[in-house]
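Working notes for the structure below.
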Amino acid sequence: MPRNTNKLSRKFQAKNGIAAIFKYIFIWGYFALTFGLFIWLLMTSFKTNREIFSSPFGLPESVNFDNYIVGLFDANLTLFMGNSFIVAVSTVVLCFILGSTVSYAISRFTFKGNAFIYLLFVIGLTIPLQSLIFPMFFKMHSLGLRDTLFGIILVYTALNLPKTVFLLVGFMKGIPKEMEEAAIIDGCNYWNIFTKVLIPMSRPALATAGILVFIAAWNEYIFATVLLSSDATSTLPLGLASFQTSYTNDYGLIAAGVIISIIPVLIAYMLFQEQIIKGMASGAVKG
Amino acid sequence: MVRQKTLAIICFTLPTLAFYIYFFLTPVFDTVYNSLFEWDGISDKLFLFLGNYLELLQDPIFYKALGNTFYWVLLVIILQIPLGFFLAYFIYQKVKAFKLLRTVYFIPVIASAVAVSLAFSFIYEAQFGILNSFLKLIGLEQYTTAWLQDPNTAMTAVSLPFVWNYVGLMMVVLYSGLQSVPDELIEASEIDGVNALQKIWYVILPSLRNVLVICLVLGISYAFKQFDYVLLLTNGGPVHLTEVTGTYMYKQGFSEARYGYGNAIAITMMFIVIVFTLIINKVLQPKD
Amino acid sequence: MRYKNKLLFSFMFLLAIVLFGCQQNDGNGGSEGNVSLRVLHSFTGSQPQAPVIEPAIEAFDQTHDDISLNIQTAPGNDILDQLRTEMAAQDPPDVFTHWGMRRTENYIKNGIIPDITELIEEDEELEGLYIDGAFDPVTYQGGIYGLPFQGYSYYLMINKDLFEEHNVEIPTTYDELKEAVVQFNEAGLIPFAANNHSVRYMMLTWFAQKQTVEELRAYATAEEEFGEDLLEAAEKVQELAALGAFPDGYMSLETAQSLEIFHAEQSPMFYQHSWTVGSIDEELLDTYEVIPFPLGDEASEPTVLAGTGHFVYMSQEAFDDPEKREAAWELMKTIAGPDVAKEFIEDISNNTALNVDYDESKLNPIFKQVLDEMNNAEKLLPSYEEDLFASAVEGEYWPLTDALLLGDITPQQYVDQMNELIAENPNMQFD
Numbered sequence: 012m013p014r015n016t017n018k019l020s021r022k023f024q025a026k027n028g029i030a031a032i033f034k035y036i037f038i039w040g041y042f043a044l045t046f047g048l049f050i051w052l053l054m055t056s057f058k059t060n061r062e063i064f065s066s067p068f069g070l071p072e073s074v075n076f077d078n079y080i081v082g083l084f085d086a087n088l089t090l091f092m093g094n095s096f097i098v099a100v101s102t103v104v105l106c107f108i109l110g111s112t113v114s115y116a117i118s119r120f121t122f123k124g125n126a127f128i129y130l131l132f133v134i135g136l137t138i139p140l141q142s143l144i145f146p147m148f149f150k151m152h153s154l155g156l157r158d159t160l161f162g163i164i165l166v167y168t169a170l171n172l173p174k175t176v177f178l179l180v181g182f183m184k185g186i187p188k189e190m191e192e193a194a195i196i197d198g199c200n201y202w203n204i205f206t207k208v209l210i211p212m213s214r215p216a217l218a219t220a221g222i223l224v225f226i227a228a229w230n231e232y233i234f235a236t237v238l239l240s241s242d243a244t245s246t247l248p249l250g251l252a253s254f255q256t257s258y259t260n261d262y263g264l265i266a267a268g269v270i271i272s273i274i275p276v277l278i279a280y281m282l283f284q285e286q287i288i289k290g291m292a293s294g295a296v297k298g
Numbered sequence: 091m092v093r094q095k096t097l098a099i100i101c102f103t104l105p106t107l108a109f110y111i112y113f114f115l116t117p118v119f120d121t122v123y124n125s126l127f128e129w130d131g132i133s134d135k136l137f138l139f140l141g142n143y144l145e146l147l148q149d150p151i152f153y154k155a156l157g158n159t160f161y162w163v164l165l166v167i168i169l170q171i172p173l174g175f176f177l178a179y180f181i182y183q184k185v186k187a188f189k190l191l192r193t194v195y196f197i198p199v200i201a202s203a204v205a206v207s208l209a210f211s212f213i214y215e216a217q218f219g220i221l222n223s224f225l226k227l228i229g230l231e232q233y234t235t236a237w238l239q240d241p242n243t244a245m246t247a248v249s250l251p252f253v254w255n256y257v258g259l260m261m262v263v264l265y266s267g268l269q270s271v272p273d274e275l276i277e278a279s280e281i282d283g284v285n286a287l288q289k290i291w292y293v294i295l296p297s298l299r300n301v302l303v304i305c306l307v308l309g310i311s312y313a314f315k316q317f318d319y320v321l322l323l324t325n326g327g328p329v330h331l332t333e334v335t336g337t338y339m340y341k342q343g344f345s346e347a348r349y350g351y352g353n354a355i356a357i358t359m360m361f362i363v364i365v366f367t368l369i370i371n372k373v374l375q376p377k378d
Numbered sequence: 025m026r027y028k029n030k031l032l033f034s035f036m037f038l039l040a041i042v043l044f045g046c047q048q049n050d051g052n053g054g055s056e057g058n059v060s061l062r063v064l065h066s067f068t069g070s071q072p073q074a075p076v077i078e079p080a081i082e083a084f085d086q087t088h089d090d091i092s093l094n095i096q097t098a099p100g101n102d103i104l105d106q107l108r109t110e111m112a113a114q115d116p117p118d119v120f121t122h123w124g125m126r127r128t129e130n131y132i133k134n135g136i137i138p139d140i141t142e143l144i145e146e147d148e149e150l151e152g153l154y155i156d157g158a159f160d161p162v163t164y165q166g167g168i169y170g171l172p173f174q175g176y177s178y179y180l181m182i183n184k185d186l187f188e189e190h191n192v193e194i195p196t197t198y199d200e201l202k203e204a205v206v207q208f209n210e211a212g213l214i215p216f217a218a219n220n221h222s223v224r225y226m227m228l229t230w231f232a233q234k235q236t237v238e239e240l241r242a243y244a245t246a247e248e249e250f251g252e253d254l255l256e257a258a259e260k261v262q263e264l265a266a267l268g269a270f271p272d273g274y275m276s277l278e279t280a281q282s283l284e285i286f287h288a289e290q291s292p293m294f295y296q297h298s299w300t301v302g303s304i305d306e307e308l309l310d311t312y313e314v315i316p317f318p319l320g321d322e323a324s325e326p327t328v329l330a331g332t333g334h335f336v337y338m339s340q341e342a343f344d345d346p347e348k349r350e351a352a353w354e355l356m357k358t359i360a361g362p363d364v365a366k367e368f369i370e371d372i373s374n375n376t377a378l379n380v381d382y383d384e385s386k387l388n389p390i391f392k393q394v395l396d397e398m399n400n401a402e403k404l405l406p407s408y409e410e411d412l413f414a415s416a417v418e419g420e421y422w423p424l425t426d427a428l429l430l431g432d433i434t435p436q437q438y439v440d441q442m443n444e445l446i447a448e449n450p451n452m453q454f455d
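In the order they appear, the protein sequences are chains F, X and G. With our numbering, the residue at position 36 of the first sequence is 47, and numbering never jumps. With our numbering, the residue at position 151 of the second sequence is 241, and numbering never jumps. With our numbering, the residue at position 279 of the third sequence is 303, and numbering never jumps.
Printed below as a string of structure tokens:
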């Protein structure tokens with residue numbers, strides 16, 4: 012925590028009793044809302060449809076893992092989760108490799124076209140990505156990569172590059188030039204500067220970009236519906252969405268699926284939480 | 091040295107740029123190009139030039155969808171960012187269990203649109219949904235309604251999952267921003283004896299200006315991009331009541347097989363978002 | 025440097041996994057058999073037909089050493105977008121399941137789906153296999169384009185206990201129905217566990233009670249304009265909606281959700297497509313009964329809307345390749361074959377398009393009543409939704425009817441707009 016917080020809170024509490032009450036109601040109220048929903052889903056996931064309708068808020072009659080077993084094994088969510096994992100991690104790695112190199116060039120060199128290249132990526136941020144579905148589909152089709160994990164990884168990488176570059180450039184611009192100059196004096200070439208100075212120093216921004224890209228790739232639904240069509244390649248959101256169509260509606264199973272889909276990302280987020288906050292602070296904010 | 095530098099620039103930019111152009115920018119140009127045709131995906135393409143755009147200008151459903159999308163943008167401004175701000179501001183003041191709070195606030199961000207939509211379809215369901223069940227439980231039965239169908243509530247109901255989904259993100263961005271507000275500023279204000287609201291208005295918000303601009307740009311582009319919620323919750327219905335530009339584009343392009351028209355909607359959306367971003371950057375120009 | 029190495033290593037590792045995964049995929053596609061077929065169907069996951077269709081296709085793959093299948097799926101209505109995209113990429117699946125002409129007209133017109141009339145006529149196995157009129161929805165300008173496998177009928181199911189408990193007479197006419205609706209409303213129940221589909225089905229049924237097949241066709245081909253009969257049917261459903269016969273939010277209710285209202289005993293009546301029979305909670309079957317749909321007025325005749333709804337097709341590309349054609353035809357005959365049909369009836373309580381012997385003792389009692397209702401009906405007519413509307417009408421007709429139900433347009437406006445719609449897009453099937 013930064014140094015100033017104690018002062019802030021002391022001040023706040025001393026002079027503003029009502030404000031403090033409001034503050035606690037607000038933060039814990041919002042907490043209760045969000046957490047309550049999560050807990051409610053968790054409880055629902057142990058129930059059968061009939062239990063859900065007879066007592067929507069009640070505790071489950073027994074903790075039975077049927078919905079989880081059906082979801083994970085009968086409905087193949089284990090396979091889909093594995094696919095999603097491969098896709099999300101590969102997308103993150105590819106975004107790191109492609110994004111960090113170009114960000115290094117944009118942020119550390121002055122050359123003609125520098126601003127233009129950056130602009131290309133920033134424009135990419137504003138484009139409603141779903142508008143690219145059809146051309147992407149044809150591209151993947153002509154490359155023979157439709158309905159393959161490799162194809163969807165390439166698509167997700169392309170879609171997430173603008174975000175990655177935006178965050179990394181913002182962060183790298185804030186790294187003092189002296190670090191590089193010292194490295195140059197040490198006789199490092201550009202590649203060494205990149206790998207030994209820039210990358211290690213950009214870790215917070217990489218963590219931020221990484222988690223955002225991971226979340227995006229893990230959760231993406233619309234491109235997946237169009238590009239992936241066999242069980243062997245389906246990702247988690249596709250599996251999840253198939254639980255609720257016009258023709259089927261098992262609330263307990265849906266709740267279990269939702270919980271299953273959230274847990275892995277939640278763990279990833281908790282592991283990197285501090286890094287992400289730091290990365291946001293210096294990357295997104297100062298950029 | 092100069093040659094080495096040129097070589098380095100080429101090596102560092104070219105692979106990414108080639109990838110980006112091939113997999114991102116050419117599809118964008120394809121979209122622009124195809125928006126000039128009428129095509130159902132099967133029969134021959136028919137060149138219309140700006141025909142699709144002219145039709146769009148006279149399409150009442152498109153205006154309806156645009157209005158609904160602006161409503162999302164409005165909710166971003168009056169709900170999402172303020173909520174995110176207050177959460178960030180309050181937990182920044184070292185409250186108990188702030189880490190727990192921060193983690194829980196972020197849960198919606200990591201949940202997929204599919205998961206969030208499924209959860210909200212439970213909440214809103216008119217017969218068994220927990221919102222109506224809850225209202226009945228506390229004796230407010232007269233306020234129960236079919237949230238996703240009632241013209242008074244449908245659009246708000248379908249927007250809330252989106253708002254809730256990203257409040258956590260706004261919170262983290264603003265929280266990071268707060269960390270870079272200089273201590274001296276806050277101390278100085280405390281000596282002046284201002285109250286809490288004044289402090290927020292006159293000290294904190296101005297120093298978060300740049301971050302707020304980022305949040306605004308982020309929120310607007312998300313409002314135009316994230317239509318999965320609508321697609322999964324109401325599919326734009328009943329009778330286009332909850333149609334947003336994204337769903338309209340998707341449905342025209344895919345379900346109605348009017349590929350060219352769908353692309354024209356996409357390009358128009360793109361144009362609007364870019365104009366918005368430019369205006370925001372001009373009006374609220376980030377200060378150093 | 026270590027950082028970079030780790031990064032590179034993990035990347036290579038992942039790439040290896042991914043490429044390996046892709047190769048395995050390709051393996052499924054071709055190498056093992058002589059002929060490889062790409063199959064697209066929608067009966068996966070928790071779709072009610074999945075327990076029959078999926079194993080049938082897999083068993084076909086295993087028992088035919090010379091044919092290898094590459095199976096792709098898009099659950100429920102997702103197959104609409106999936107197929108359209110694949111068609112647009114000029115890469116149609118070799119064999120696929122779909123609805124009738126109302127959703128394949130465009131593919132037929134553009135020559136992507138072949139005319140299989142000859143294949144059907146030459147194949148002795150198929151003689152007398154299908155019910156009368158089973159091919160109607162895939163007959164287009166003289167040719168037949170698909171093999172039917174799933175049938176449908178609309179059925180009205182009631183909860184006897186609720187009728188007894190609240191002393192309500194079982195309605196046989198529209199007026200009695202209105203009375204029942206009022207009584208159930210007073211008792212705090214939702215009279216119909218309906219969504220917008222059920223209500224459209226009601227309207228179509230009241231309309232059809234006063235028509236013959238020929239008349240239905242004349243309207244669909246714009247030979248004749250809709251008039252008094254459709255107006256009255258539209259007035260009836262709008263009146264019921266205004267009376268509060270349907271649940272709050274029924275317009276956005278999924279069919280499976282509306283069935284849950286019936287299960288929860290909040291509603292005494294349920295009017296739906298017969299695919300829902302397999303989803304009825306078996307523990308409650310004793311309290312349920314299928315009854316004839318109430319007559320609209322004195323001039324109406326008891327009518328059941330029934331026919332065939334799902335078909336299996338092959339692509340023109342597969343048709344042009346003799347080996348593929350033979351393999352695809354085998355697979356189509358399996359999906360639209362008697363074994364699957366029998367399992368449809370016995371295991372998942374679903375109508376089929378086939379005349380097939382089944383074990384009556386295995387029937388779900390409600391499904392038995394649904395079948396009896398069809399067999400006893402004076403008139404069996406096709407539903408516009410499943411059969412006779414041109415594909416361009418299909419897309420507009422749903423929102424238009426929703427607008428009617430919401431009260432945004434009057435029944436008269438509804439009839440006028442339907443006439444306009446059909447005049448613009450007449451059914452071309454019979455040309």
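Don't be surprised by glycine CBs; every beta carbon is placed ideally from N, CA and C.
Considering residue i, what are the terminal residues of the alpha helix (DSSP H) in which it resides?
| i | result |
| --- | --- |
| X:V263 | 244-269 |
| G:E313 | Premise fails: G:E313 lies in the beta strand (DSSP E), 312-315, not in any alpha helix (DSSP H). |
| G:R62 | Per DSSP, G:R62 belongs to no alpha helix (DSSP H); it is in the beta strand (DSSP E), 59-65. |
So what does residue i bridge to, in DSSP terms?
| i | result |
| --- | --- |
| G:G331 | G:Y176 |
| G:T163 | G:I168 |
| X:E128 | X:L136 |
| G:I182 | G:M293, G:E313 |
Compare the C-beta of residue i with all C-beta atoms of chain G and state if any pair is closer than 8 Å.
| i | result |
| --- | --- |
| F:F283 | no |
| F:N260 | yes |
| F:F149 | yes |
| X:Q217 | yes |
Could you tell me whether the Cβ of residue i comes closer than 8 Å to any Cβ of chain F?
| i | result |
| --- | --- |
| X:S249 | no |
| X:I369 | no |
| G:N49 | Only weak support is given to the placement of G:N49: the predicted model assigns it a pLDDT of 45, under 50, and the question is left unresolved by the model. |
Just to confirm, are residue i and residue j a CB contact at a threshold of 8 Å?
| i | j | result |
| --- | --- | --- |
| X:V253 | X:Q342 | no |
| G:S70 | G:T97 | no |
| G:V394 | G:Y179 | yes |
| X:A216 | G:P271 | yes |
| G:A352 | G:L404 | no |
| G:D105 | X:S345 | yes |
Kindly indicate the opening and closing residues of the beta strand (DSSP E) around residue i.
| i | result |
| --- | --- |
| G:F120 | 119-123 |
| G:N94 | 91-97 |
| G:Q233 | Careful: G:Q233 lies outside any beta strand (DSSP E) and carries neither H nor E. |
Under the criterion of a Cβ to heavy atom distance below 7 Å, does residue i qualify as lining the ligand MG?
| i | result |
| --- | --- |
| G:P326 | Absence of the ligand MG from the depicted structure is noted, as is the absence of any ligand whatsoever, leaving it without description. |
(message) Output needed in chain order: residues of the stretch 128-159 of chain X with a Cβ under 9 Å from some Cβ in chain F.
(response) G131
(message) Any C-beta of chain X within less than 9 Å: which residues of the stretch 34-51 of chain F qualify?
(response) K34, Y35, F37, I38, W39, Y41, F42, L44, T45, F46, L48, F49, W51
(message) Taking beta-carbon pairs under 7 Å, can you tell me which members of the stretch 256-275 of chain G lie near chain X?
(response) P271, D272, G273, M275
(message) Can you pull out the residues from the stretch 124-147 of chain F whose beta carbon lies closer than 8 Å to at least one beta carbon of chain X?
(response) Answer set for the stretch 124-147 of chain F: I128, L131, F132, I134, G135, L136, T137, I138, P139, L140, Q141, S142, L143, I144, F145, P146, M147.
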